[in-house]
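Okay, so here's the structure we're looking at.
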Amino acid sequence: MNAHAPDESNGDRPAVPGWRHFEHRADIGVEGIGRTPGEAFAQAALALTAIVCDPGEVRPLRALDVRCEEPDLELLLVDWLNAVIYRMAAERMLFSQFDVRIADGRLQARVRGEAVDRQRHRPAVEVKSATYTALSVTRDAAGLWSARCVVDV
Amino acid sequence: MAGLTGNLTKGLSKVGDTEWRIAPQGAMRVPVVLYATEALIRDMDEKVLEQAANVATLPGIVGASYAMPDAHWGYGFPIGGVAAFDADAGGVVSAGGVGFDISCGVRTLHTGLDRAAVMAVQQELANALYDSITVGVGSTGAIRLDRRGMDAMLTGGAAWAVRAGYGRREDLERIEERGCIAGADPGQVSEHAKERQRQEMGTLGSGNHYLEVQVVAEIDDPATADAFGLRRDAVVVSIHCGSRGLGHQIGTDYLKRMVVAAPRHGLALPDRDLACAPIHSALGQAYLGAMRAGINCALANRQIPTHLTRRVFTEFFGTDLTLLYDVSHNTCKLEEHRVDGRLRKLYVHRKGATRAFGSGHPDLPPDLRDVGQPVLIGGTMGTASYILVGTERGADLAFASACHGAGRALSRHAATKRWHGRAVQDELARRGILVRSPSARGLAEEAPGAYKDVGRWSRRPSVPAWPAGSRAWSRWSVSRADPGADPQRTRLWGGQVGASRVPGPLRGARPSHDALWVRRGPFGTVQTTKHAKGAKLGSMDPVRGAELSSRSVYRSFAVPGRRPSTHGSSTSTSRVFCVFW
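Those protein sequences? They're chains A and B, same order as listed. Quick note, the first sequence lines up with residues 1 to 153 if you use our numbering. Quick note, the second sequence lines up with residues 154 to 734 if you use our numbering.
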């Protein structure tokens, strides 16, 4: 039997704010790091885009508002990522900028991106859903927030 | 969890050649049963045990929590997990036990053509199919459904598609549930789910979804192959896709609803992705209605690329395609199974597992009832797929379930670090396999080496690999082909002169048949090496070590409780042609 040891595939902890992917045999994990939960959530969403394409190729041409509400931060993270995934699918868009504010279990965000351009973005895979696997929203001793979970692709 | 996992590993005991068991411990209500060879068990992720043990704690579970040979770490249930629940015994239905891609599945179509006819126009046909079939992220289908059309599709399934002109009535006989599962309730499907689907009808999607033109390379059971209409050298088309955005959103919506409602239902979940609801609860019934709508969506969806493929083949060859069979591998279905001598109605979850009814089952179409259900197992774009047949014995093992595919050996990230997409495409092209895909990175993530070998290999010829619940056997089948006949073998045994080695684990093994190994020499030359049956493989035999790494060699499947024998039946279809997603 192979013991499961998450492989932090992007190596050391990213700059703050920043994001990274972590490994899951069939799917992929996203992690956002930030000074506030909102910043960590925004970075986790950027990691989501990076599963599909290079976020640097996505121009912030169109803005959409996203709202979520949940009793705890972990459920809120899954809700938030699923709201972004829904917008990606329903609007046929990719997003590269996320301004996220969280207060009292409520998330308000403005996300910016553009319509999928299959020639320029070369999207690799679509994201089906965020899951509750490896889900955590934590604050470390230095006060930095980490928001992570596995997404199904 | 580490302690639990450690205890589970210690509690794993071998009870047959390919059957392993963990007795109930802690909150487990039933044992865990895994079907795999020893080599597969060694390489299996420990998370499979933990997740299968978690499933064993759910209320109303019957028999055991099963894991198929291709099981790997999923979310909630392992991928390759099978579990059945009795509604009247407090049983539950789990959105995590079905997965997000509801009713994702495979269908295979006869073309009536042989390899030579298709290879004569290989490039042109690949391009025509690629132009006709909608594929990749951000793609949209030609069909736009209004509210009424959407609901009709969700209740009608493939029958709706046939009525709409996408297919013909006889297709329905060769689809599980005859193309339409009863009990679908579009009213339980959210507007978000319908909105995601509105532009995606008829699209293949991305990731490991594909349409392939394949050739029958090998037949192990001529009688069954004949009953399935398969003969060596025949060309078939296989399509792998699911319920697209609608299924993904149904999974998302109900997973959350079940997580939130779990305390109200008195469910203490060891893992939130195991989210479930009592079958007799309002939420359980709502999910079943929505999930069945998702199944119908997938069945309708697969009719559309089928229709488009038929058009292309008619244009090229003037021939028509007939459906061999269509299987789904992410479902929960109400089925009758005999448990301890008593017939019971059970909600059977198969997450990354294929139903495999044996001969005589009343749900099989009349012309297959004496044979058994075709079980379609997809390989990677560089390896064979398998067409197996369900057995009566399989009904007593894991509720007539089989594995569903190769299963990943490497994560997507590891695959992209190891391979580059266009290099993968070029390498496959050298082997005669044309690939059409909109994404280079997508190709790298799906590189053949990123997956377990779907069943061709076992460590020794005396320990053949068996697909679960199906009558099939894999063997040293590298042989007997003429050099140009099988790019699959060219792939396996090809390689540059002077750069080949037999990987360590294979050295000393003895092929069970006379072998004619094929390798490509410089400047397109083909070189062959004869290797007599039973002779030891030497370290310098022309095998590409890079491709036959020890990691991939052992990945093969085991049949529950069956002993290896020589009368198995499988038909492998080498992918000689085009893959795209």
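Using N, Cα and C, we set each Cβ at its ideal position, and we do this for glycine too. Here the structure is a predicted model, which means the values were calculated and not measured.
Query - Of the listed residues B:Gly179, B:Arg503, B:Ile432, nearest to Ala555 (chain B) (C-alpha basis) - result: What you label residue 555 (chain B) is simply residue 402 of the second sequence in a count that begins at 1. Nearest of B:Gly179, B:Arg503, B:Ile432 to Ala555 (chain B), Cα basis: B:Arg503.
Query raised in the report: Under three-state DSSP, which class holds Val153 (chain A)?
Result: The residue you call residue 153 (chain A) lines up with position 153 of the first sequence. The DSSP-derived three-state label of Val153 (chain A) is coil.
Query raised in the report: What in chain C is Cβ-close to Trp173 (chain B), meaning under 7 Å?
Result: Absence of chain C from the displayed structure is noted, the protein chains being A and B.
Query raised in the report: Any heavy atom of the ligand NAD within a distance shorter than 8 Å of the CB on Arg148 (chain A)?
Result: What this structure holds is no ligand at all, so the ligand NAD is not there to describe.
Report task. Using a Cβ-Cβ cut-off of less than 8 Å, give me the residues of the stretch 578-608 of chain B that come near chain A, in sequence order. Result -> Answer in chain order: Pro591, Ser592, Ala593, Arg594, Gly595, Glu598.
**Report entry** Nearest to Arg539 (chain B) (by Cα), restricted to the options B:Gly437, B:His566, B:Ala378
**Finding:** Counted from its first residue, the second sequence places residue 539 (chain B) at position 386. Looking at the sequence shown, residue 539 (chain B) is not Arg but Tyr. With distances taken between Cα atoms, Tyr539 (chain B) lies closest to B:Ala378.
Query raised in the report: Taking 9 Å as the CB-CB cut-off, is Val186 (chain B) touching chain A?
Result: Taking the second sequence and counting its residues from 1, one reaches residue 186 (chain B) at position 33. No, its Cβ sits nowhere closer than 9 Å to a Cβ of chain A.
Query raised in the report: Quick one: is Asp424 (chain B) near chain A, going by C-beta distance under 9 Å?
Result: Counted from its first residue, the second sequence places residue 424 (chain B) at position 271. Yes, Asp424 (chain B) counts as interfacial toward chain A.
Query - Contact set between Glu348 (chain B) and chain A, taken where Cβ atoms lie within less than 9 Å - result: Position 195 of the second sequence, counting from 1, holds the residue named residue 348 (chain B). What Glu348 (chain B) touches in chain A: Tyr86, Ala89, Ala90.
**Report entry** Which residues DSSP lists as bridging Phe95 (chain A), in chain order
**Finding:** As a first step, residue 95 (chain A) is located in the first sequence; it is residue number 95 there, counting from the start. Its beta-bridge partners are A:Gly113.
Query raised in the report: What are the start and end residues of each continuous alpha helix (DSSP H) run of 4 or more residues lying completely inside the stretch 297-362 of chain B, in chain order?
Result: Listed in chain order, the complete alpha helix (DSSP H) runs (minimum 4 residues) inside the stretch 297-362 of chain B are 300-316, 322-326, 344-351.
Query raised in the report: Cβ of Arg148 (chain A) less than 9 Å from any chain B Cβ?
Result: Reading the first sequence from its first residue, position 148 is the one you call residue 148 (chain A). Not an interface residue.
Query raised in the report: Helix, strand or coil for Ala385 (chain B) per DSSP?
Result: Your numbering for residue 385 (chain B) matches position 232 in the second sequence. Note that residue 385 (chain B) corresponds to Arg in the displayed sequence, not to Ala. Coil.
Query raised in the report: Applying a beta-carbon distance threshold of less than 7 Å, which residues of chain A neighbour Thr405 (chain B)?
Result: To locate residue 405 (chain B), count along the second sequence from 1; it is residue 252. In chain order: Asn82, Ser129.
Report task. Step through the CB atoms of chain B and report whether any lies within less than 9 Å of the CB of Val66 (chain A). Result -> In the first sequence, residue 66 (chain A) corresponds to position 66, counting from 1. Val66 (chain A) has a beta carbon lying at 9 Å or more from every beta carbon in chain B.
Query raised in the report: Just checking, does the stretch 394-403 of chain B make contact with the stretch 338-352 of chain B on the three C-beta pairs under 8 Å criterion?
Result: yes
Query - Backbone secondary structure at His121 (chain A) - three-state DSSP - result: In the first sequence, counting from the first residue as 1, residue 121 (chain A) sits at position 121. Three-state DSSP puts His121 (chain A) in a helix.
Query raised in the report: Since Thr472 (chain B) and Thr264 (chain B) are thought to touch, with beta carbons under 8 Å apart, how far apart are those beta carbons, to the nearest angstrom?
Result: Along the second sequence, one-based indexing puts residue 472 (chain B) at 319. Along the second sequence, one-based indexing puts residue 264 (chain B) at 111. Their Cβ separation, rounded to whole angstroms, is 6 Å, which keeps Thr472 (chain B) and Thr264 (chain B) in contact under 8 Å.
Query - Cβ-based contacts, 9 Å cut-off: residues of the stretch 551-567 of chain B near chain A - result: Gly560, Arg561, Ala562, Leu563, Ser564, Arg565, His566, Ala567
**Report entry** Which listed residue (A:Arg62, A:Val78, A:Pro123) has its alpha carbon closest to that of Gly113 (chain A)
**Finding:** Locating residue 113 (chain A) in the first sequence gives position 113, counting from the first residue. That would be A:Arg62, whose Cα lies nearest to the Cα of Gly113 (chain A).
**Report entry** At least 3 beta-carbon pairs within less than 8 Å: the stretch 236-253 of chain B vs the stretch 434-449 of chain B
**Finding:** Contact between the stretch 236-253 of chain B and the stretch 434-449 of chain B is established, with three or more Cβ pairs separated by less than 8 Å.
Query - Tyr604 (chain B) versus B:Arg594, B:Arg589, B:Ser564, residue with shortest Cα-Cα distance - result: As a first step, residue 604 (chain B) must be located in the second sequence, where it is residue number 451. When each option's Cα is compared against that of Tyr604 (chain B), the closest is B:Ser564.
Query raised in the report: Name the DSSP bridge partner or partners of Ser218 (chain B)?
Result: As a first step, residue 218 (chain B) must be located in the second sequence, where it is residue number 65. Answer is B:Val185.
Query raised in the report: So, helix, strand or coil for Arg87 (chain A), using DSSP?
Result: Indexing the first sequence from 1 puts residue 87 (chain A) at position 87. Three-state DSSP puts Arg87 (chain A) in a helix.
Query raised in the report: Is the number of C-beta pairs between the stretch 62-82 of chain A and the stretch 39-49 of chain A that are closer than 8 Å three or more?
Result: Yes, they touch.
Query - Residue(s) in a DSSP beta bridge with Leu165 (chain B) - result: By 1-based counting over the second sequence, the position of residue 165 (chain B) is 12. Paired residues: B:Ile175.
Query raised in the report: In this structure, does DSSP put Pro458 (chain B) in helix, strand or coil?
Result: Translated into the one-based positions of the second sequence, residue 458 (chain B) becomes position 305. Three-state result, Pro458 (chain B): helix.
Query raised in the report: So what's Cys257 (chain B) in DSSP terms, helix, strand or just coil?
Result: Stepping through the second sequence from its first residue, residue 257 (chain B) is reached at position 104. Coil at Cys257 (chain B), not helix or strand.
Query raised in the report: Taking the runs of the beta strand (DSSP E) that are 3 residues or longer, which of them lie wholly in the stretch 231-281 of chain B?
Result: 245-247, 258-267
Query raised in the report: Just by C-beta distance, which residues in the stretch 250-278 of chain B are closer than 7 Å to chain A?
Result: Phe253, Asp254
Query raised in the report: How would you call Arg20 (chain A), buried or exposed, if buried means at least 16 neighbouring beta carbons within 10 angstroms?
Result: For the purposes of this step, residue 20 (chain A) is taken as the residue at position 20 of the first sequence. Answer is buried; the Cβ neighbour count reaches 16.
Query raised in the report: Going by C-alpha distance, which of B:Leu587, B:Arg300, B:Phe470 is nearest Ala270 (chain B)?
Result: By 1-based counting over the second sequence, the position of residue 270 (chain B) is 117. The shortest Cα separation from Ala270 (chain B) among B:Leu587, B:Arg300, B:Phe470 belongs to B:Phe470.
Query raised in the report: Should Gly691 (chain B) be flagged as near chain A, meaning a C-beta pair shorter than 9 Å?
Result: Along the second sequence, one-based indexing puts residue 691 (chain B) at 538. The predicted model places Gly691 (chain B) with a pLDDT of 41, which falls under 50 and marks its position as unreliable; any figure quoted below should be read in that light. Gly691 (chain B) does not count as touching chain A.
Report task. Taking a Cβ distance cut-off of 9 Å, strictly less, list which residues of the stretch 196-209 of chain B are near chain A, in chain order. Result -> Asp196, Met197, Asp198, Glu199, Lys200, Val201, Leu202, Glu203
Query raised in the report: Helix, strand or coil: how does DSSP classify Arg417 (chain B) here?
Result: Along the second sequence, read from residue 1 onward, the residue named residue 417 (chain B) stands at position 264. Three-state result, Arg417 (chain B): coil.
Report task. Spatial neighbours of Glu277 (chain B) within its chain, please: CB distance less than 8 Å, with the 5 preceding and 5 following residues excluded, ordered by chain position. Result -> As a first step, residue 277 (chain B) is located in the second sequence; it is residue number 124 there, counting from the start. If we look at Glu277 (chain B) and ignore the five residues flanking it on each side, its Cβ neighbours are Phe469.
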